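Taken in sequence, the protein lines are chains A and B.
Note that the working numbering numbers the first sequence so that position 111 is 111, with each residue one more than the last.
Note that the working numbering numbers the second sequence so that position 129 is 129, with each residue one more than the last.
We put the beta carbon where it would ideally sit given N, CA and C, even for glycine.
All values derive from a computational prediction rather than experimental measurement.
Data first, discussion second: the structure below is written as structure tokens.
There are 2 protein chains.
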Amino acid sequence: MVVTLSQSSPATKRPLTLRDVSEASGVSEMTVSRVLRNRGDVSAETRVKVQEAAKRLGYVPNKIAGALASQRVNLVAVIIPSLSNMVFPEVLTGISDVLDDTPLQPVVGVTNYLPEKEEEVLFEMLSWRPSGVIIAGLEHSDASRAMMENAGIPIVEIMDVDGEPIDAMVGISHRRAGRKMAQAIIKAGYKRIGFMGTKMPLDHRARKRFEGFTEALAKAGLEVADQEFYSGGSALLKGREMTEAMLERTPDLDFLYYSNDMIGAGGLLYCLEKGIKVPKHIGLAGFNGVELLDGLPRKLASMGSERREIGKLAAQIIARRAQGEDPSPEDRVELTPKLKLGDTLKRKKRRD
Amino acid sequence: MVVTLSQSSPATKRPLTLRDVSEASGVSEMTVSRVLRNRGDVSAETRVKVQEAAKRLGYVPNKIAGALASQRVNLVAVIIPSLSNMVFPEVLTGISDVLDDTPLQPVVGVTNYLPEKEEEVLFEMLSWRPSGVIIAGLEHSDASRAMMENAGIPIVEIMDVDGEPIDAMVGISHRRAGRKMAQAIIKAGYKRIGFMGTKMPLDHRARKRFEGFTEALAKAGLEVADQEFYSGGSALLKGREMTEAMLERTPDLDFLYYSNDMIGAGGLLYCLEKGIKVPKHIGLAGFNGVELLDGLPRKLASMGSERREIGKLAAQIIARRAQGEDPSPEDRVELTPKLKLGDTLKRKKRRD
DNA sequence: CTGGAGTATGTTATCGCTAACAGTAAAGTC
DNA sequence: GACTTTACTGTTAGCGATAACATACTCCAG
Numbered sequence: 001m002v003v004t005l006s007q008s009s010p011a012t013k014r015p016l017t018l019r020d021v022s023e024a025s026g027v028s029e030m031t032v033s034r035v036l037r038n039r040g041d042v043s044a045e046t047r048v049k050v051q052e053a054a055k056r057l058g059y060v061p062n063k064i065a066g067a068l069a070s071q072r073v074n075l076v077a078v079i080i081p082s083l084s085n086m087v088f089p090e091v092l093t094g095i096s097d098v099l100d101d102t103p104l105q106p107v108v109g110v111t112n113y114l115p116e117k118e119e120e121v122l123f124e125m126l127s128w129r130p131s132g133v134i135i136a137g138l139e140h141s142d143a144s145r146a147m148m149e150n151a152g153i154p155i156v157e158i159m160d161v162d163g164e165p166i167d168a169m170v171g172i173s174h175r176r177a178g179r180k181m182a183q184a185i186i187k188a189g190y191k192r193i194g195f196m197g198t199k200m201p202l203d204h205r206a207r208k209r210f211e212g213f214t215e216a217l218a219k220a221g222l223e224v225a226d227q228e229f230y231s232g233g234s235a236l237l238k239g240r241e242m243t244e245a246m247l248e249r250t251p252d253l254d255f256l257y258y259s260n261d262m263i264g265a266g267g268l269l270y271c272l273e274k275g276i277k278v279p280k281h282i283g284l285a286g287f288n289g290v291e292l293l294d295g296l297p298r299k300l301a302s303m304g305s306e307r308r309e310i311g312k313l314a315a316q317i318i319a320r321r322a323q324g325e326d327p328s329p330e331d332r333v334e335l336t337p338k339l340k341l342g343d344t345l346k347r348k349k350r351r352d
Numbered sequence: 001m002v003v004t005l006s007q008s009s010p011a012t013k014r015p016l017t018l019r020d021v022s023e024a025s026g027v028s029e030m031t032v033s034r035v036l037r038n039r040g041d042v043s044a045e046t047r048v049k050v051q052e053a054a055k056r057l058g059y060v061p062n063k064i065a066g067a068l069a070s071q072r073v074n075l076v077a078v079i080i081p082s083l084s085n086m087v088f089p090e091v092l093t094g095i096s097d098v099l100d101d102t103p104l105q106p107v108v109g110v111t112n113y114l115p116e117k118e119e120e121v122l123f124e125m126l127s128w129r130p131s132g133v134i135i136a137g138l139e140h141s142d143a144s145r146a147m148m149e150n151a152g153i154p155i156v157e158i159m160d161v162d163g164e165p166i167d168a169m170v171g172i173s174h175r176r177a178g179r180k181m182a183q184a185i186i187k188a189g190y191k192r193i194g195f196m197g198t199k200m201p202l203d204h205r206a207r208k209r210f211e212g213f214t215e216a217l218a219k220a221g222l223e224v225a226d227q228e229f230y231s232g233g234s235a236l237l238k239g240r241e242m243t244e245a246m247l248e249r250t251p252d253l254d255f256l257y258y259s260n261d262m263i264g265a266g267g268l269l270y271c272l273e274k275g276i277k278v279p280k281h282i283g284l285a286g287f288n289g290v291e292l293l294d295g296l297p298r299k300l301a302s303m304g305s306e307r308r309e310i311g312k313l314a315a316q317i318i319a320r321r322a323q324g325e326d327p328s329p330e331d332r333v334e335l336t337p338k339l340k341l342g343d344t345l346k347r348k349k350r351r352d
């Protein structure tokens, strides 16, 4: 039933090598190599001859061998905690945008927020001798740090700037972001504030936001009136459920701060459904400024985390270094997250 | 300010090789190699000695060299159209789940739905001589097909089964899925049906669903009463906007079929907001069965696309083949998408 | 105490490609 | 016309690991 139409396949199962192309086109392997990499002088005539032969045979160069011989690997290791949080694919997009204009290629590794897994992935990646590493976060195991310090390649730690980087760094201050949001909330006159977020032992950025948040509240003589943490599951649903539970438990809350937009959106939908007046009766805010929010009935207050830009800048640093540029102080960049009040945070001071 | 505590680094910038470990531990390179790969007989004594030296020096093996020498590369190329559509990260999760228990490692390439880009990515990936390829879709350029046919490695085409695979295949029939949804809609008694989806020249699966859908409608003497296509932007917002536009243009519609859940959710939120009675006045359905739906005020009718399972099965095929197993007819798997009526599709026949 | 079967190591020859260096012939320079 | 320079092509020697094949040394059976 299945018709196998094999290409002008050389019958032999052995994959093609430079030698095959060399023989087919009557020049040396070296010349073939030069044509295929477009490097060095080759006469137009032989160039065509070789290209034809390569195409006809269906030759695919062996980068393994090429990399070993040239001591150059055009890969950039990108290590992130997760793919299911849309934030990271967006960083990747930024990285790709930049690397697409260079010979470099991103290779992604996922750690699931586990330091041991990060160590593993890092080791695995470094063993391919990439041209650089882009890795989320500033917190790493000792072994991971050591590996990166000794790798002799550019390392860019992204997303976060609250800490000391190994080499380069591009991100925002999550502590500052938390503070800024707290200040906006306070300024709007809210007083009884609830917090919802992920269980944070390993999500350092969420933790730092929370710390900054409580710190700024404290400065204003306030504290978080209730809090709840979740892990796993559908974030939108969790946001809804946690909001319900919290409002039941602590009915006098007048503001809910969510550690990410997804649970924030769940909370918002819940409030709208229950007819709770937002932002008058209860104010809401999330974090990240995800695109999804644009489609909600009401715009959730949030703070952009600049992830696309972070990806771009990180990739640019790697690209520059790969071109031989030296490390510079400009390789440590702090971006400023933009506060968006949306429709869920009052704009003027509450008259009370 | 920065304290650089460099490992007992050998001062030299030159990366470590097997020889360094060999010298440090007083045995041959071969023995070191054996210890590090845990292969062949080595005395417990030397094993420890070598491991210590390797750790002390911070040695990271060079897989480039290893792969070249052993002619084995434990990478699996995974080629998908996009990362921003949550569907694909979920497939990746399935793949990782399985490959984590093997020595194999996924490497992801993204094509942005462009055949030329697919060709590029494929070429790039194959030049690393991976142990297998998992690629979305059955439609590829001639050059891409040729490359895969000649690569001499297992190829698993995923997501779709409406077509002839190069080698293995795991997916659902999108044509059938479209038909099935149409039948459910017809059975529920809806008659004036609108369709919204992505611009489809290159999204073959969306196209097939639409074809199956219209085909089944035709069989019942119906046709799509209105349709609209979008591209780019926030899907949730697009869903909202398109729904508004369509209901304005064709007010007598009684059902809206969305080619994915995200725009469906946007449409649902719009309808709820406008007080349109769902599913009585208007029925709604999407496609994919994404987790997000769980958090919506009303559950959107949808059809699961089994993507996690697809990823798993595909990875299992590659893993088996990598172990030397021969191709088998079981390597072509059609999964059955499950229809979920949710709260937006009437359950009984309309009395009219 | 000789031989065969293990263990535990070392040696040698690639793997497929590229850097570096060597030609060789044609063209340009003074 | 001898001497560079330029344009092209080839030769040689690795890159850093592993496969495959030695080579020692045990240990024990017969």
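- Ranking B:Val-27, B:Ser-127, B:Asp-167, B:Pro-279 by CA distance to the CA of Arg-332 (chain B) puts B:Asp-167 first.
- Put simply, of B:Asp-326, B:Val-42, B:Val-156, B:Asn-62 the residue whose alpha carbon is nearest the alpha carbon of Leu-16 (chain B) is B:Asn-62.
- Taken in chain order, the unbroken stretches of alpha helix (DSSP H) that lie wholly in the region 131-161 of chain B and span 4 residues or more are 142-150.
- Nearest C-alpha to Gln-323 (chain A) among A:Asp-261, A:Ser-259, A:Arg-72, A:Pro-297: A:Arg-72.
- The Cβ neighbour count for Gly-289 (chain B), taken over all protein chains shown within 10 Å, is at least 16; the residue is labelled buried.
- Arg-34 (chain A) and Ala-319 (chain A) have their C-alpha atoms roughly 24 Å apart.
- Along the region 269-291 of chain B, the positions whose C-beta sits under 7 Å from a C-beta of chain A are Leu-269, Glu-273, Glu-291, read in chain order.
- Within chain B, the residues Glu-124 have their CB atoms less than 8 Å from the CB of Gln-105 (chain A), given in chain order.
- Among the CB atoms of chain B, none fall inside 8 Å of the CB of Ala-314 (chain A).
- Between Ala-301 (chain A) and Glu-215 (chain A), the alpha-carbon positions lie close to 20 Å from each other.
- Ile-64 (chain B) has a beta carbon lying within less than 8 Å of a beta carbon in chain A.
- With contacts defined as CB atoms closer than 8 Å, Pro-337 (chain B) and Glu-306 (chain B) qualify as a contacting pair.
- With a beta-carbon spacing of about 5 Å, Thr-111 (chain A) and Pro-81 (chain A) fall inside the 8 Å limit used to define contacts.
- Distance from the CA atom of Gly-283 (chain A) to the CA atom of Gly-178 (chain A), rounded to whole angstroms, is 16 Å.
- Among the residues facing chain A, Asp-294 (chain B) is included, as its CB has a counterpart in that chain under 8 Å away.
- Interface annotation, Arg-240 (chain A): in contact with chain B, CB-CB separation under 8 Å.
- Spanning the alpha carbons of Leu-313 (chain A) and Val-170 (chain A) requires a straight line of approximately 7 Å.
- It is roughly 10 Å from the alpha-carbon of Glu-157 (chain A) to the alpha-carbon of Gly-163 (chain A).
- The C-alpha of Ala-24 (chain A) is placed about 14 Å away from the C-alpha of Met-30 (chain A).
- For Arg-129 (chain A), the nearest beta carbon of chain B is closer than 8 Å to its own beta carbon.
- Counting the other Cβ atoms within 10 Å of the Cβ of Gly-137 (chain A) gives 16 or more, which makes it buried.
- If you draw a straight line from the Cα of Gln-105 (chain B) to the Cα of Val-91 (chain A), it comes to about 22 Å.
- Bounds of any alpha helix (DSSP H) do not take in Val-107 (chain B); it lies within the beta strand (DSSP E) bounded by 105-110.
- Looking at the DSSP output, Ile-172 (chain B) bridges to B:Asp-160, B:Leu-335.
- Using beta-carbon distances, Ser-234 (chain B) counts as an interface residue toward chain A, with a partner under 8 Å.
- Take Thr-243 (chain B), set aside five residues on each side of it, and the residues of its chain with a beta-carbon closer than 6 Å to its own are Gly-267, Tyr-270, in chain order.
- Per the coordinates, the alpha-carbon of Gly-194 (chain B) lies some 5 Å from the alpha-carbon of Asp-226 (chain B).
- Close CB contacts of Ala-54 (chain B) within its chain, under the 6 Å cut and outside five residues either way in sequence, are with Val-21 (chain order).
- In this structure, the beta-carbon distance from Ala-77 (chain A) to Val-133 (chain A) falls below 8 Å.
- For Phe-213 (chain A), the enclosing alpha helix (DSSP H) starts and ends at 204-219.
- Secondary structure of Gly-289 (chain B) (DSSP, three-state): coil.
- Relative to the Cα of Leu-345 (chain A), the nearest Cα in the group A:Tyr-257, A:Pro-89, A:Pro-329 belongs to A:Tyr-257.
- By the criterion of at least three beta-carbon pairs nearer than 8 Å, the region 172-189 of chain A is in contact with the region 208-224 of chain A.
- Using a CB distance cut-off of 8 Å, Pro-61 (chain A) counts as an interface residue toward chain B.
- Secondary structure note for Asp-20 (chain A): its alpha helix (DSSP H) is the uninterrupted segment 18-25.
- Every alpha helix (DSSP H) stretch that sits fully inside the region 249-292 of chain A and reaches 4 residues is listed by chain position as 261-273.
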